[in-house]
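Report on one structure; see the data block that follows.
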Amino acid sequence: PQLINQIAAGEVVERPSSIVKELVENCFDAGANQIVIEIEQGGTRLIKIRDNGCGIEKDDLSLALSRHATSKIASLHDLEQVVSMGFRGEALPSISSVARLTLISRVANVDCAWRVSADGSERDFNPQPDPHPQGTTVDVRDLFYNTPARRKFLKTEKTEFAHIETVVQRLALSRFDTGLTLLHNQKEILTLKPAVTDVQQEQRIAGICGSAFIDNAVKIDFEASGLRLSGWVGLPTFSRSQQDMQFFYVNGRLIRDKLVSHAIKQAYQDVLFQGRHSVFVLYLTLDPALIDVNAHPAKTEVRFREGRLVHDFLFSALHRSLANIRP
Ligand code: ADP
Ligand code: MG
8 PQLINQIAAG EVVERPSSIV KELVENCFDA GANQIVIEIE QGGTRLIKIR DNGCGIEKDD
68 LSLALSRHAT SKIASLHDLE QVVSMGFRGE ALPSISSVAR LTLISRVANV DCAWRVSADG
128 SERDFNPQPD PHPQGTTVDV RDLFYNTPAR RKFLKTEKTE FAHIETVVQR LALSRFDTGL
188 TLLHNQKEIL TLKPAVTDVQ QEQRIAGICG SAFIDNAVKI DFEASGLRLS GWVGLPTFSR
248 SQQDMQFFYV NGRLIRDKLV SHAIKQAYQD VLFQGRHSVF VLYLTLDPAL IDVNAHPAKT
308 EVRFREGRLV HDFLFSALHR SLANIRP
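Residue numbers (full-length UniProt numbering): 8 to 334.
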């Protein structure tokens, strides 16, 4: 099973930032509204993520580290309706096959938290008591200590941390109601309070995308045939590269998709003059049955079951909104 976990880890754990993504998604799925992310040495020495979510029952701790033991779906039918960020039950076992992992968790109304650890071949699934408050901490140390070939592919501390920061920003834009703190080598890098009102949400966006973006953006909210597109579209500010300024979420999941890019590009070209770069933070919400989220192990792609419908909806929603900001 360790070999299989390590093979899966090749897909799920590309670098420290992919671990951060998986672990924070788990916090979201647990209903947390406060998440603290501590990183040391670009994540190669330590990635520690604490949340105040529902926690894991003592008896389920070892299961959480076992392959394909997701608590989130139970059947193929569930997979077609999946609303959680995770569903493959691969992240924790994969991470624990290439790093030293400790999982500490406490559910509501119990006396104490419980802790289990796994590192490579050693798996101590005998839970030990721990004073941790309600919620979960996942502590990941010494990434790739047992797979030197993969360790060699890690970049400098600075580069790995930059990837982590990007991932945290993307996650922060997907859940405004969640407070996030990011520390690197004990230094506070990012602190985001839960953002509820429009003003607070725009402050969060300004903090991540720059105020030049939000000052030039229009807020949109468009609904038709069961699809909803909301968010902010703006004119390019050139303060960051074009790629960095395109955030597109489907049911809360950041994705890259050709069909989506095409629809957006068409709308921009139609309304604004040719050659304009598109900058946006957009949220598409639709019936989960209309998408297949299980298209890629890292879950960064989705397949639309009604591609044409989605494309035309996006195009017309953006077309109308962009007409308002024609320069
Ligand atoms: P998946 O998210 O696909 O279910 P993971 O390997 O990421 O698989 O997690 C395995 C299981 O561990 C989850 O299904 C969930 O039950 C539990 N779990 C992991 N992280 C947390 C957390 N932060 N809070 C509560 N439960 C968690
Ligand atoms: Mg998960």
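Here a beta-carbon is modelled for each residue, glycine too, at the ideal position from N, C-alpha and C.
Note that the coordinates shown come from a computational prediction; the quantities given were computed from them, not determined experimentally.
Residue i (DSSP reduced to helix, strand or coil)
{"i": "I298", "result": "strand"}
{"i": "I262", "result": "coil"}
{"i": "V114", "result": "coil"}
{"i": "Y275", "result": "helix"}
{"i": "E45", "result": "strand"}
{"i": "A98", "result": "helix"}
{"i": "E29", "result": "helix"}
{"i": "K165", "result": "helix"}
{"i": "D85", "result": "helix"}
{"i": "H303", "result": "coil"}
{"i": "G186", "result": "strand"}
{"i": "S124", "result": "strand"}
{"i": "Q141", "result": "coil"}
{"i": "S246", "result": "Residue placement at S246 is flagged as unreliable, the pLDDT there being 49, under the threshold of 50; the coordinate-derived value follows with that caveat. DSSP places S246 in coil when its eight states are reduced to three."}
{"i": "E172", "result": "helix"}
Identity of the residues DSSP links to residue i by a beta bridge
{"i": "G238", "result": "I227, L289"}
{"i": "Y256", "result": "L261, Y290"}
{"i": "I212", "result": "Answer by DSSP bridge pairing: none, since I212 is not bridged."}
Nearest to residue i (by Cα), restricted to the options the options
{"i": "K194", "options": "A231, N133, I44", "result": "I44"}
{"i": "R52", "options": "N192, D264, V309", "result": "N192"}
{"i": "Q276", "options": "Q253, C61, A330, F255", "result": "A330"}
{"i": "Q88", "options": "L297, P304, D319, L316", "result": "L297"}
{"i": "V114", "options": "L83, D58, L180", "result": "D58"}
{"i": "I102", "options": "F132, D149, L86", "result": "D149"}
{"i": "Q181", "options": "V288, H269, V317, A270", "result": "The amino acid at residue 181 is misidentified as Gln; the sequence shows Ser. Here the closest residue by C-alpha is V288."}
{"i": "D118", "options": "S104, D228, Q135, L110", "result": "Q135"}
{"i": "L242", "options": "S124, T198, V225", "result": "V225"}
Residue i to residue j span [Cα, whole Å]
{"i": "R327", "j": "F220", "result": "19 Å"}
{"i": "N258", "j": "P295", "result": "8 Å"}
{"i": "S25", "j": "K79", "result": "20 Å"}
{"i": "E164", "j": "I11", "result": "28 Å"}
{"i": "A213", "j": "N133", "result": "46 Å"}
{"i": "S82", "j": "S232", "result": "28 Å"}
{"i": "W121", "j": "D137", "result": "5 Å"}
{"i": "R157", "j": "T204", "result": "44 Å"}
Residue i: CB within 7 Å of a non-hydrogen atom of ligand 4
{"i": "E29", "result": "For the structure depicted, ligand 4 is absent and the ligand set comprises only ligand 1 and ligand 2."}
Chain D contact for residue i (CB, 8 Å cutoff)
{"i": "L316", "result": "This model lacks chain D altogether, as it is built from one protein chain only."}
Report yes or no: do the segment 151-160 and the segment 31-40 share at least 3 C-beta pairs separated by less than 8 Å?
no
Can at least three beta-carbon pairs, one atom from the segment 264-271 and one from the segment 312-326, be found at a separation below 8 Å?
yes
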